[in-house]
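In what follows, a structure is listed as structure tokens, so that the remarks can point back to it.
Protein chains: 2
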Amino acid sequence: MALQERKLQGHAMMKEMITLELFEVIYQRRSIRSYLRKKVDREILDKIVDAGRWAPTAGNAQAWQFVIVDDPIRITKLKSVSPGIFHEPAFVIAICTDRDAAIARMGPQGAMLALMDVCMAAENILLAACALGLGACVVRSFHQQAVGVMLGCPEGCVTELLIAGGFPDQEPTAPSRKNIEEIRFFNRWEDK
Amino acid sequence: MALQERKLQGHAMMKEMITLELFEVIYQRRSIRSYLRKKVDREILDKIVDAGRWAPTAGNAQAWQFVIVDDPIRITKLKSVSPGIFHEPAFVIAICTDRDAAIARMGPQGAMLALMDVCMAAENILLAACALGLGACVVRSFHQQAVGVMLGCPEGCVTELLIAGGFPDQEPTAPSRKNIEEIRFFNRWEDK
Chain S
1 MALQERKLQG
11 HAMMKEMITL
21 ELFEVIYQRR
31 SIRSYLRKKV
41 DREILDKIVD
51 AGRWAPTAGN
61 AQAWQFVIVD
71 DPIRITKLKS
81 VSPGIFHEPA
91 FVIAICTDRD
101 AAIARMGPQG
111 AMLALMDVCM
121 AAENILLAAC
131 ALGLGACVVR
141 SFHQQAVGVM
151 LGCPEGCVTE
161 LLIAGGFPDQ
171 EPTAPSRKNI
181 EEIRFFNRWE
191 DK
Chain V
1001 MALQERKLQG
1011 HAMMKEMITL
1021 ELFEVIYQRR
1031 SIRSYLRKKV
1041 DREILDKIVD
1051 AGRWAPTAGN
1061 AQAWQFVIVD
1071 DPIRITKLKS
1081 VSPGIFHEPA
1091 FVIAICTDRD
1101 AAIARMGPQG
1111 AMLALMDVCM
1121 AAENILLAAC
1131 ALGLGACVVR
1141 SFHQQAVGVM
1151 LGCPEGCVTE
1161 LLIAGGFPDQ
1171 EPTAPSRKNI
1181 EEIRFFNRWE
1191 DK
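Protein sequence lines correspond, in order, to chains S and V.
So in my numbering, spot 131 of the first sequence is number 131, and the numbers just go up one at a time.
So in my numbering, spot 13 of the second sequence is number 1013, and the numbers just go up one at a time.
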């Protein structure tokens, strides 16, 4: 589908919140790093974060927070400490874990379990964004402490990853992937 | 929908590979820990692992492997070192990272980036399983070294998590979740 057509369809879909079949979204999703200069409604941003809230979370700990940055001045500040953010996103979602709470609840493994939780939540958010006609990209190259200060994260809370997004201004082709035979085994390593 | 009806629908869906709309899957997915004694076709297992293969992966490193265990004797052995596996799953997917390859490619952060990648892949797999009428559950309580030996993981590769699954034999209600207002902020911590 041509980019323009997809954009128009994206706008229409958002209005009606009609989205795509799961596998279609999984296969169509790309990391989008270039965005139109157009705001995304907070209703839509809430919808995609809500998708993250329904990811699995070890022991139902939910030691996660989602800071949606949609103020252009704040986005510019975030960019200044985040080499992984390209171009001008319409929003950046900072996904944080409350490590202290996670450790208190889940024991010494808590911080790692909370990190794993937020990654699964991030995938839901990426898929939800794609299904609603948005483009988004996980950003892991940023200054964790600086971002924490900018967002006002309390002590014990850590920004684990950022998701930059907006209306897509590019239509990348699928990246190469290893064949499934190279990475999937049955019952024992290398057995196919 | 009643469990029996869902099961029947699940079987029909699998035949045709017709699945659900993304948000429906995200909201309906539950951690399923009890399974029917019924094998899952390898074609279906491949389809859900393939969904994992299309998750984002930092620097396109793809430092991941998926070992699908569907031999009941091997599943029993895995269970003996995995307190987090309940009942009798029809399959266990061990998701591994090649930490050495990830570090060689991505630098000292490579191991953590690869862990984050496999968690996003795991979420795709959970959603794909749900969409195809299967039930599945992330398992993080298992003896990492023992599982590695059982699977024949080479040195430098680590089993990061297991996904146990099968045809669902339970229909759990939705777990409680914090309200979105408690965990989602705009622009700055606590700002709503």
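Every residue, glycine too, gets a C-beta built ideally from N, C-alpha and C.
Does the beta carbon of residue i fall short of 8 Å from some heavy atom of the ligand NAD?
| i | result |
| --- | --- |
| I44 of chain S | This structure lacks the ligand NAD, and indeed carries no ligand of any kind. |
Mind checking residue i: buried by the 16 CB within 10 Å criterion, or exposed?
| i | result |
| --- | --- |
| Y27 of chain S | exposed |
| N1179 of chain V | exposed |
| P1172 of chain V | exposed |
| A1174 of chain V | exposed |
| D1191 of chain V | exposed |
| S80 of chain S | exposed |
| A1121 of chain V | buried |
| A1164 of chain V | buried |
| S176 of chain S | exposed |
| S1141 of chain V | exposed |
| P56 of chain S | buried |
| I1073 of chain V | exposed |
| V49 of chain S | buried |
| V42 of chain S | It should be noted that the sequence gives Arg, not Val, for residue 42 of chain S. When all chains shown are included, R42 of chain S counts as exposed. |
| Q1145 of chain V | exposed |
| V1147 of chain V | buried |
Quick one: grab the DSSP three-state call for residue i.
| i | result |
| --- | --- |
| R1184 of chain V | strand |
| T1097 of chain V | strand |
| E24 of chain S | helix |
| I144 of chain S | For the record, residue 144 of chain S in the displayed sequence is Gln; it is not Ile. Q144 of chain S: helix per DSSP, three-state reduction. |
| V1049 of chain V | helix |
| V1149 of chain V | helix |
| I32 of chain S | coil |
| T1057 of chain V | coil |
| E160 of chain S | strand |
Excluding sequence positions up to five away, which residues of its chain have a Cβ less than 7 Å from the Cβ of residue i?
| i | result |
| --- | --- |
| D1169 of chain V | S1034, Y1035, L1036 |
| V69 of chain S | I75, L78, F91, V92, A94 |
Any beta-carbon of chain S closer than 9 Å to the one on residue i?
| i | result |
| --- | --- |
| G1165 of chain V | no |
| F1142 of chain V | no |
| E1155 of chain V | no |
| L1162 of chain V | no |
| A1128 of chain V | yes |
| A1002 of chain V | Below a pLDDT of 50, predicted positions are generally treated as unreliable, and A1002 of chain V, at 48, falls in that range; the measurement from the model is reported next regardless. Not an interface residue. |
Closest Cβ-Cβ distance between residue i and chain V: below 9 Å?
| i | result |
| --- | --- |
| D70 of chain S | yes |
| E88 of chain S | no |
| S31 of chain S | yes |
| P56 of chain S | yes |
| E50 of chain S | Per the sequence shown, the amino acid found at residue 50 of chain S is Asp instead of Glu. Chain V contact via Cβ: present. |
| E171 of chain S | no |
| A115 of chain S | A small correction: the amino acid at residue 115 of chain S is Leu; Ala does not occupy that position in the sequence shown. Output row for L115 of chain S: interface = yes. |
Ordered along the chain, which non-local residues of its own chain (more than five positions away) have a Cβ less than 6 Å from that of residue i?
| i | result |
| --- | --- |
| L113 of chain S | A58, M106 |
| V67 of chain S | A94, L151 |
| F1086 of chain V | R1033 |
| V118 of chain S | W64, I95, T97, E160 |
| D100 of chain S | G156 |
Tell me which same chain residues have a C-beta within less than 8 Å of the C-beta of residue i, skipping the five on either side of it?
| i | result |
| --- | --- |
| K39 of chain S | D70, A90 |
| E181 of chain S | K192 |
| I103 of chain S | G110, A111 |
| field | In chain order, each alpha helix (DSSP H) run of at least 4 residues that lies wholly inside the region 68-130 of chain S | value | 72-80, 99-106
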